[in-house]
Amino acid sequence: MSNPIQEATGTTYQQQEERVYEQYIEKKPSSLVVRYLITTSHLMALALGGGFAFLRHRKATNQKKKIKYTFLKIFLWLHWPFLNKKLIRQPFSIQLRRRLEMLGATYIKLGQILSLREDILPKDITDELKKLLDTLPALQYERFVQLVEEQMGQPVHQIFIEIQKNPLGSASIAQAHRATLRSGEEVVIKLLKPGTRELIQTDSKIIKSTGAFMELFVPELQPKNMFTEFCEYTNKEVDFRLEANNAEAFAANFAKVPDVIFPKIYKQYCTSDVIVMEFFKGMKPDEHCAKVLSPEDREKVVDLGAMAIIQMLYSDGFFHADLHPGNLLIVQGEEGVKCGFIDLGMVGRFEESTRKSMLYYYNSLVMGDPKSAARYLSMVARPGKGGDPDAFRKEFIEIGMRWVRNPNFSDFSLALLIFESVVLGAKHRMYFPLELVLMVKAIITFEGVGNVILPGLDIAKVSKKHIRKLVLNEVNPIELAKTTLQNAPEMLDVITRSPLVIIELFKRLEIELFEKKEDKVPPMASMKNMIFGGLCVIGACVLVASGQPWQAYTALFAIGGIFALKS
Numbered sequence: 010m011s012n013p014i015q016e017a018t019g020t021t022y023q024q025q026e027e028r029v030y031e032q033y034i035e036k037k038p039s040s041l042v043v044r045y046l047i048t049t050s051h052l053m054a055l056a057l058g059g060g061f062a063f064l065r066h067r068k069a070t071n072q073k074k075k076i077k078y079t080f081l082k083i084f085l086w087l088h089w090p091f092l093n094k095k096l097i098r099q100p101f102s103i104q105l106r107r108r109l110e111m112l113g114a115t116y117i118k119l120g121q122i123l124s125l126r127e128d129i130l131p132k133d134i135t136d137e138l139k140k141l142l143d144t145l146p147a148l149q150y151e152r153f154v155q156l157v158e159e160q161m162g163q164p165v166h167q168i169f170i171e172i173q174k175n176p177l178g179s180a181s182i183a184q185a186h187r188a189t190l191r192s193g194e195e196v197v198i199k200l201l202k203p204g205t206r207e208l209i210q211t212d213s214k215i216i217k218s219t220g221a222f223m224e225l226f227v228p229e230l231q232p233k234n235m236f237t238e239f240c241e242y243t244n245k246e247v248d249f250r251l252e253a254n255n256a257e258a259f260a261a262n263f264a265k266v267p268d269v270i271f272p273k274i275y276k277q278y279c280t281s282d283v284i285v286m287e288f289f290k291g292m293k294p295d296e297h298c299a300k301v302l303s304p305e306d307r308e309k310v311v312d313l314g315a316m317a318i319i320q321m322l323y324s325d326g327f328f329h330a331d332l333h334p335g336n337l338l339i340v341q342g343e344e345g346v347k348c349g350f351i352d353l354g355m356v357g358r359f360e361e362s363t364r365k366s367m368l369y370y371y372n373s374l375v376m377g378d379p380k381s382a383a384r385y386l387s388m389v390a391r392p393g394k395g396g397d398p399d400a401f402r403k404e405f406i407e408i409g410m411r412w413v414r415n416p417n418f419s420d421f422s423l424a425l426l427i428f429e430s431v432v433l434g435a436k437h438r439m440y441f442p443l444e445l446v447l448m449v450k451a452i453i454t455f456e457g458v459g460n461v462i463l464p465g466l467d468i469a470k471v472s473k474k475h476i477r478k479l480v481l482n483e484v485n486p487i488e489l490a491k492t493t494l495q496n497a498p499e500m501l502d503v504i505t506r507s508p509l510v511i512i513e514l515f516k517r518l519e520i521e522l523f524e525k526k527e528d529k530v531p532p533m534a535s536m537k538n539m540i541f542g543g544l545c546v547i548g549a550c551v552l553v554a555s556g557q558p559w560q561a562y563t564a565l566f567a568i569g570g571i572f573a574l575k576s
């Protein structure tokens, strides 16, 4: 989530600006108890501030006075002397943003994640959270160099010819400087700010317990799930070795696509606190870029972007989870224009079943089939208390048909349709995993950037050839054969065990034939039931081992069980 280059400057690596940063003051990490007390005081103040905001709203909307609200007013005014008067007078959404900023890096990142959850939170809150403070104090150059040397275990002059003094950026968890290796390669050094990891680990414990507590009062917002997902992502983001691995994984996934590029990682210089990566010289995908590029290059860039995002999401199931214009670069070279992705610390992963459902969901949308899209989308949602999947599907189909009748970027785009489908989940208490929300963000980013570079872009049309290729690949006989081979050990195990099962069945039949009782069914009828039931069970086991859908084997298991009981 944290891109110090983009967050601090509003530019990318190739557009360094001379900025003056406040000095970062290192503090000894607070103990869990002290941090809990600090966090609790802010949360209590936020709750009281929310109470004042609620009363102001009632007054502004001329709602009837009630005794219970009179007691609330008295309770709040008793706490008035202890509150920040200037902040309390602000709308609740602003109070929330400011409290998160006061609590520091972990809560700034929490707010950035929550700003994406428009499927759960009110729009005024998510809009305000998008304004969270990004440009933060920076370490002094000498301290930055000292920490880098400690991490690398040698003087920086032995590795770098130069490290530029002015930071490229300083964000909530990291600070970055441009540098030049002894080999002459231009790189970026990103350093985790001291104390950040310990702070995030401590805050994660508090946030998880807070989410569990809030679940008791506002289960419809599902705070426990939201906060747990956030903690998992954030703790991964403060280990730069994982970012290095992510960059290498993306590069491997796109090894056959030379026009989609990712920064080279200099792993010999990377640690959990420092990452050294290739410096890209490119352009932001903005209006200036659109004027510079030729029409052919603009079409190529948009097509590359569509292909890359569709492959990440629906083929690899491993995608850039913090995609925004600042993390995209247009790189021009001798071999033509290329599409570059940077800041790979936050990634999303789809489980195989979710990846396939999302592939078929997106394919259904671009093919103009909202009924199928609604079915696939509801498969990845988890209904909450009072959830109504049928109503969700019905309303989504209505919205989808409206898009099919008039698809265009200005009035009702494909990205807006996908976004509204997720927001619709909140209305019907359908919970979507965070990865799905991040997917929506990626598609919205692509559509927005694509229309800047190529005005009037039809994202559905651009996506069709790439999504069709992936769908066809799912039913490719070669791919099916590969899947079968992957499940071969389980199939062999089932086949090996089958004779033992059949022998045991015949032993039981033999006992029944010779030791039958008068009240039992006739022996031949029992034998038929048992043999048929056993064959159904064996067939179902073979289907399970071969990785077939549950619909294919559930019926066989049920039939086998019924005939076994009848025997």
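For what it's worth, this note's numbering labels the leading residue of the sequence shown as 10, then goes sequentially. Note that beta-carbon positions come from the ideal geometry of N, C-alpha and C, so glycine has one too. From a predicted model like this one, the values you see are computed outputs, not experimental measurements.
Q: State the DSSP-derived secondary structure class of Q32, mapped to helix, strand or coil.
A: strand
Q: Give me the Cβ distance between V196 and A188, rounded to the nearest whole Å; I'm assuming they're in contact under 8 Å.
A: 5 Å
Q | Host beta strand (DSSP E) of H186 (start-end) | A | A183 to L190
Q. In three-state terms, what does DSSP make of G291?
A. coil
Q.
Between the alpha carbons of D133 and P100, how many angstroms are there, rounded?
A. 10 Å
Q) Among residues of its own chain, excluding the 5 on either side of L145, which ones have a beta-carbon nearer than 7 Å to its beta-carbon? A) S179, A180 and S181
Q: For Q231, collect the residues of the same chain with a Cβ closer than 8 Å to its Cβ; drop the 5 residues on either side in sequence, then sort them by chain order.
A: I129, E224, G393 and Y440
Q | Y33 and K202 closer than 8 Å at C-beta | A | yes
Q | Where M439 falls: helix, strand or coil (DSSP) | A | strand
Q. If G326 sits next to F350, beta carbons under 8 Å apart, how far is it from one beta carbon to the other, in whole angstroms?
A. G326 to F350, Cβ: 16 Å. No contact.
Q: Drop a sphere of 10 angstroms on the beta-carbon of D352, count the other beta-carbons inside from all chains shown, and report buried for 16 or more, exposed for fewer.
A: buried
Q) In terms of alpha-carbon separation, which member of V413, A261 and K139 lies closest to S373? A) V413
Q: Would you mind sorting L87 into buried or exposed? The rule is 16 or more other CB atoms within 10 Å of its CB.
A: exposed
Q. DSSP on H329, reduced to helix/strand/coil?
A. strand
Q. Under a Cβ-count criterion, where at least 16 other Cβ atoms within 10 Å of its own Cβ denotes burial, should P294 be classed as buried or exposed?
A. buried
Q | Cβ-based burial, A261 [other Cβ within 10 Å; buried from 16] | A | exposed
(Q) Is it buried or exposed, E407, if we count other Cβ atoms within 10 angstroms and call 16 or more buried? (A) exposed
Q | Residues that C348 bridges to, as DSSP identifies them | A | V269 and I339
**Q.** K217 and T237 closer than 8 Å at C-beta
**A.** yes
(Q) Quick check on the burial criterion: 16 or more other C-beta atoms within 10 angstroms. Buried or exposed for M161? (A) buried
Q. What does P392 pair with, by DSSP beta-bridge criteria?
A. M439
Q | Buried versus exposed call for L345 [16 or more other C-beta atoms within 10 Å across all chains shown] | A | First, the amino acid is wrong: residue 345 is Gly here, not Leu. Burial call: exposed.
Q: Name the one or two DSSP bridge partners that V197 has.
A: R187 and M286
Q) Residues bridged to G178 by DSSP? A) A185
Q | Range of the contiguous alpha helix (DSSP H) that encloses G314 | A | P304 to Q320
Q) Can you tell which of T363, K403, S381 and M410 has the C-alpha that lies nearest to the C-alpha of V389? A) T363
Q.
With DSSP as the reference, identify every bridge partner of V301, one or two as the case may be.
A. In the DSSP output, where bridge partners are listed per residue, V301 has none listed.
Q: Work out the CA separation of H475 and Q320 for me, nearest whole Å.
A: 8 Å
Q) Which term fits A264, buried or exposed, when burial requires 16 or more other beta carbons within 10 angstroms of its beta carbon? A) exposed
Q: Going by DSSP, name the residue or residues bridged to E171.
A: T189
Q: Have a look at E171 and E158 and give me their C-alpha separation to the nearest angstrom.
A: 14 Å
Q | Close-in-space but distant-in-sequence residues of the same chain around G459 (CB under 7 Å, 5 per side omitted) | A | V311, G314, L466 and I468
Q) Is it right to say Q104 is buried, meaning 16 or more other beta carbons lie within 10 angstroms of its own, or is it exposed? A) buried
Q.
I'd like the span of the alpha helix (DSSP H) that includes G59, first residue to last.
A. L41 to A69
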